[in-house]
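First up is the structure itself, then whatever we jot down about it.
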Amino acid sequence: MVDITGQYMLNLLLNGLLIGVIYALMALGLTLIFSVLGIVSFAHGEFYMIGGYVVYFVLQRFTNLHPYFAVLIAGLVTFVIGFIAERLLLQPLAKGEIERPAEYAILITFGLAFFLQFLMIAIVGPFPKKAARFFDLPEISTDILVTTATTLRIFEVPLSGNRLIAAVTAAILISATIFFMAKTWLGRGLQAVSQDRQAAAVVGINPLKMNTLAFSLGTMLAGMSGAVLVAVFSWVPWVGVPASGKSFIVIVLGGMGSMPGAVLGGLILGVVESLGAGLIPDPGRALAYKDAIGLLIFALVLLIKPTGLFGRDL
Amino acid sequence: MNLEVRDVVKNFGGLQALNHVSLSIDKPEIVGLIGPNGAGKTTLTNIIDGVYKPTEGEVWLNNERVDKMPPYQIARRGLGRTFQVTRAFRRMTVMENMLVPALALHPGANRREVEQKAYEVLEFLTVEHLANELGRGLSGGQQKLLELGRLLMLDPQFIILDEPFAGVHPKLQEAIYSYINKAHSDGKAIILISHDMDSIFTLSERLVVLHFGAVIADGDPAKVKDDSAVIEAYLGKDEEEDEDA
Amino acid sequence: MKRSPVIWVLIIGGIAITLALPLILRDKQYWLFVATQAYFWAILASSWALLAGYAGQFSFAHIALMAIAAYFSGIVGRDLGWSPLSGIIIGTLVAGLVGLIIGLLCLRLRKTYLALFTIAFAEIVRLAINAELDFTGGPMGLYLEPLIQTTSYVPYYYLILGLLLGSLAFMYALANSRFGLFFRSIREDEEAAAAMGVNVVRYKIMAFVVTAMIAGLAGAVDHHFIGFIAPSELIIGRMSLVIAMAVIGGIESLIGATLGAIFIHFSLEWLQQIPIPAALMPRIVEFKPALENLGFALTERAIQTNAWRMVGFGILLMVTLRFWQNGLIYPIIQRLTRQEAQAETVAKRQPAPVEETAAQERSEE
Ligand SMILES: Nc1ncnc2c1ncn2[C@@H]1O[C@H](COP(=O)(O)OP(=O)(O)OP(=O)(O)O)[C@@H](O)[C@H]1O
Ligand SMILES: [Mg+2]
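Residue numbers (the working numbering), protein chains in the order written: chain A, 1 to 314; chain B, 1001 to 1245; chain C, 2001 to 2365.
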C-alpha cells in the first residue's frame, strides 16, 4: 500500500504528462493518416518499432553521432518505408481498384504489421536491446530544481532524465508538425484534401500524391516517436503492438482526425494511465492492469460516442 | 388499409428537413410526391420506413404506431421501399437477392416454391436471364429492376418508390411502368417520387408537393399543376434548373 | 447444385486420407500431432470466415473467445473438481455468452470501429488473465486435465477431426439456409436488408454467438489435449495467423478457410527449425532461461531463421489480399465445381424466347 500524498500525485501526474507527449506524437501521425486516407493503419506501431531500431543501430555504429541526427535518420527510414508501403498497398485503394475497401484497409495494414514484425525478428533477433542515454542533463542545483546527469527533481518530485529528454524532443517534433501543417504549402494541401478531396482536386492538388505524403509523414512521426523512446525502454520487435494500441486509444479519444484532439488525447491517456496505475492498491495488479485502463476507456468511448470525445458528430 | 404521417418534424442538427408534414393514404392509389432537390422527399421515405426517427410527430400504419419500430418490423407490417441510390446486395446473385425478403417474411416457406415465384417475378420484369448474375454485375437500370423484384417478393401493401426512373433506359422503364400498374391493380398503395413530370402526371392519381420540408399542395394532379404556389415554388423553378444543368 | 466428378474424387480422396492418416503416420507421431493442431486451427479459421466473410463482422476477438472457454474449463476443473467434459460444456457456453455480449455491444459499430473494439477487448482479456494469478495462473499458465486417459495421439486425432467435420457440417448447413442468406445480406447492406424485413440485430448477434461457441468448443477440447494454456496464446500475432489462414484460403468459403488453415499450419511446421510456433516468440524470450535449463538451445540464429518463414507468410498474405481477394484456395474449388453447375442452370433456366430481351440488353449498351 502506498501513501497517497500530494507529492506522490504530482509525481504520477508529471510522469504521465511526459509519456503522454510521446503518445501525442505517435497519434498525430495516425491522425494525419486517418484524416487524409480515411483509414486506420494497424501497422502504425511497427513503424514506431522500426524507428527505435534505426536509432539503436545508428548510434551503435557511429558512436560519436549526435542522437538527434539518428532520430532524423529514423524519420527518413520510416518515411521511405511508409512511402513504399503506401504506393504498393494503399494506392490501389484510393484509386478505387479494391472491391471491399474497408475490409481491405484493415487486413492489408494488419498484414503489413505482421510482415514488418517478423522481418525485424528475422533481422535483429528477438532479444531486448536498449540504446544509451541521449545526453546527460546539465547539473543544476537550486531550491526548486535539482538535477544530476540522469535525474531531475522539481519541487522534490523526482523525474527520469531520459524520459524528460524524450518528452522534450517529442514536443519539439509536435511543434514542427503543427507548424508544417499550418504554415507550409504542403501542409495546407494535406488539410485541404482531408476536408474535401474533390474540391482539393479542382484547385489542382493531386489527392493521390497527398495520400502518399500523408501516409509517409504519418509513419515518419511514428518512427520518430520510437526513435526518441529507444533510450527509455528496452526494444523488442513486438514493442509496436502496445504502441499501436495507444495510438488507437488516443485518436478515438481525440476524435478521429482532429490534430489538436490527438495531442490532448495523448496527454490525457498518459496522465490517466499513470494515475490509474499509481492508485491501484495492489502493486502487482497495478503493473499488469496499467495498459488495461486505457483500453477500457477506449472501449467505453467507442461504445458511447464512436466519434470520440472531442470529435465532431458525423 | 391506412398509412398516416402525423405532423412530423425532422431536424438534422440545425437543418429542418421536414417541417410539420402530415400525409394520409387510406386507399390503393398512386400518390406522386414531388419537390425540388433537398425538399425532404427521401427524408420522408426514411421516416416512414423507420430508418430515421422523427424529431416530432408520429407515423401510423394500419392503426398501429410504427415510428418507434425498427425498419424490419415496419417492412413486415406491409411497407416496402426502394432506394434512390440503388442498394442491391452486390455480392449475392439476383436470385439470392430475391430470396432474402421472401424468406425473411415467411421463414417456413418451401425454398423451391419461393425460387419458382422469384423466377416468375424476374420474368415479369424481363430480367430472368440475370438470375444467376451477381448484383454487382448489373447495370444501374437492372439494379433498379432488381429492387422492384425484391419488393414484389416482399409483397407490401404500401410501396414507396424513390426515383425509380432515374437513369433507366426507356425500354426498361416500360417494365417499371408495368410494375406500377400491376401493383396498383393488385390493390397496393404507391408513393411515387420522381423528377420526371411526364411519368408523374401519367401515373399519379393524387399529387403531393414538398417544398423546404413542408407540404405546399396535396390533391388532384391537374389542380395542383395549376396551383400558383406550386408553380412559383417548384414547377417553374425546376424548369429553369433543368436548363442550367 | 450438382457437382462435377472431379470434386467428388477430391472430397472422397481427402476424407479417406484424413481417416487413414494415423496409419500412414504410424512412425511419425509428431506429424500426427501437427495434423491434430492443423484441424484445431481449421475450426478457428473456418468459424472466423463465417463471422467475417459471411456476416461481415471483422472481429479480432476470436482467439480470446477460444481461450476464455479453455480457461473456464480448466478453472472449474481445478477449483471445483468438474470433469473435463462438463468443463468443456460450460466453457463453450461461457464463450457463447461473451460472444453475445460482444455482439450486443458492437451493434452500432461498423468495420474499422468493430476491429478496434474487438482488439481492445482481446487485449483486456489477455491482460486480465496475466494479472489474475489466483484464478488463471498468470503468465505461468494453467494446467488442464486430459480429456481422454491415453498416451497415444490417435484418439485425440479422431476427436478433433470429428469436431472439425461436425462444425463444418453445421456451419455449412447454416450458411446454406436462410440464415446464411441473411448474414450475407447484412454484410452487403444493413439498411437494405432491414428494409427487406431482415431482423439485422438478431442475425448479427446469432453470427457472433454461434462462431464464439464453435471457437470456444474447439479451444476447450484442444487444450484438454495439450494440457496447458497460457496468456501468451492470446497475443495478437495468433489472431493474425487465423486471419492469414482464412484470407489465403478464401474468406467467403468455409472449406477454403479450412484448407487454408491446414495448408499454413503444415507449411509452418515443415519450414520450422525448432518446434515452437514463432507466433509465441515473446514467450520464448520470457522463458528463455527455463527452456535452456530443459535443454532447448535457443540461439538467436535459430529463432531468426524461424522468423523468416513468417516473413514469407506475411508477404503471401499481403499479395493475396492485393491480387486475389477471394483467396488462393477458394477460386480453385470454385473452378472445379462451377463448370458443370453453370451448364446445368443455363440449360434449365433459360426458356426459348430470350432472344428479344438479350437483344434489348445489347442495344442498351
Ligand atoms: N442524414 C442526414 N444528415 C443531415 N442532413 C440530411 C440528411 N439526410 C438529408 N439531409 C438534408 O435534408 C434535406 C432534405 O434531403 P432529402 O434527401 O430528403 O431531399 P430530397 O427531396 O430527397 O432531394 P432529391 O430530390 O435531391 O433526392 C437536405 O437539405 C439534405 O441535405
Ligand atoms: Mg431524394
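The beta-carbon is built from N, C-alpha and C at its ideal position, and this holds for glycine as well.
Ranking C:2029, C:2064, C:2036 and C:2021 by CA distance to the CA of residue 2215 (chain C) puts C:2064 first.
By the Cβ rule, the region 217–230 of chain A does not count as touching the region 143–158 of chain A, because fewer than three pairs are nearer than 8 Å. Burial state of residue 1067 (chain B) is buried, judged by a 10 Å Cβ sphere holding 16 or more other Cβ atoms. The way I'd put it, the region 197–212 of chain A doesn't touch the region 8–16 of chain A; fewer than three beta-carbon pairs between them come closer than 8 Å.
Within the same chain, Cβ atoms closer than 6 Å to the Cβ of residue 140 (chain A) are found at 147, the five residues on either side in sequence being excluded. In the displayed model, residue 129 (chain A) falls within a strand according to three-state DSSP. For residue 1117 (chain B), the CB contacts under 8 Å within the same chain, skipping 5 residues up- and downstream, are 1102 and 1153 in chain order. Around the beta carbon of residue 2023 (chain C), fewer than 16 other beta carbons lie within 10 angstroms, which makes this residue exposed. Of the heavy atoms belonging to ligand 2, none sits nearer than 7 Å to the Cβ of residue 195 (chain A). Judged by DSSP in its simplified three-state form, residue 1056 (chain B) adopts strand. The region 14–21 of chain A makes contact with the region 267–275 of chain A; the number of CB pairs closer than 8 Å reaches 3 or more.
Ranking B:1209, B:1229 and B:1181 by CA distance to the CA of residue 1030 (chain B) puts B:1181 first.
Interface flag for residue 2138 (chain C) against chain B is unset, since no Cβ pair is found closer than 8 Å. Within chain C, the residues placing a beta-carbon under 8 Å from that of residue 100 (chain A) are 2325, ordered along the chain. The Cβ-Cβ distance between residue 2142 (chain C) and residue 289 (chain A) does not fall below 8 Å. Collapsing the DSSP output to three states places residue 160 (chain A) in a strand. Nearest neighbour of residue 45 (chain A) by Cα position, chosen from A:34, A:225, A:234 and A:138, turns out to be A:225. Using a Cβ distance threshold of 8 Å, residue 2147 (chain C) and residue 2225 (chain C) count as a contacting pair. Around residue 108 (chain A), the beta-carbon contacts reaching into chain C at under 8 Å are 2318, 2321 and 2322. Residue range 2111–2131 is occupied by the alpha helix (DSSP H) that includes residue 2114 (chain C), with no beta strand (DSSP E) assigned at that position.
At least one C-beta of chain C is nearer than 8 Å to the C-beta of residue 1075 (chain B).
The beta carbon of residue 2231 (chain C) sits closer than 7 Å to those of 2126, 2129, 2130 and 2139, all from its chain and outside the five residues before and after it, given in chain order.
Residues of chain C with a Cβ closer than 9 Å to the Cβ of residue 278 (chain A) do not exist; the shortest Cβ-Cβ separation is about 16 Å. Residues of chain C whose Cβ lies closer than 9 Å to the Cβ of residue 1177 (chain B) do not exist, since the nearest Cβ in that chain is about 15 Å away. Across the set B:1041, B:1149 and B:1114, the C-alpha of B:1149 shows the shortest separation from the C-alpha of residue 1130 (chain B).
Taking the CA atoms as reference points, residue 2117 (chain C) sits about 27 Å from residue 2174 (chain C). Note on geometry: alpha-carbon atoms of residue 2271 (chain C) and residue 2018 (chain C) lie some 21 Å from one another. For residue 1112 (chain B), the nearest beta carbon of chain C is not closer than 8 Å to its own beta carbon.
DSSP places residue 1020 (chain B) inside the beta strand (DSSP E), whose first and last residues are 1015–1025. Neighbours of residue 30 (chain A) in chain C, taken as residues at a C-beta separation under 8 Å, are lacking, since the least C-beta distance is about 11 Å. Residues of chain B with a Cβ closer than 9 Å to the Cβ of residue 2206 (chain C) do not exist, since the nearest Cβ in that chain sits about 13 Å away. A straight-line Cα-Cα distance of about 18 Å links residue 2208 (chain C) and residue 299 (chain A). No residue range can be given for residue 136 (chain A), since it is assigned to no alpha helix (DSSP H) and is classified by DSSP as neither H nor E.
Look at the region 2190–2217 of chain C: the residues with a C-beta under 8 Å from a C-beta of chain B are 2191, 2192, 2193, 2194, 2195, 2196, 2197, 2198, 2199, 2200 and 2201. At least one C-beta of chain B is nearer than 8 Å to the C-beta of residue 2181 (chain C). For residue 1211 (chain B), the uninterrupted beta strand (DSSP E) segment begins and ends at 1206–1211.
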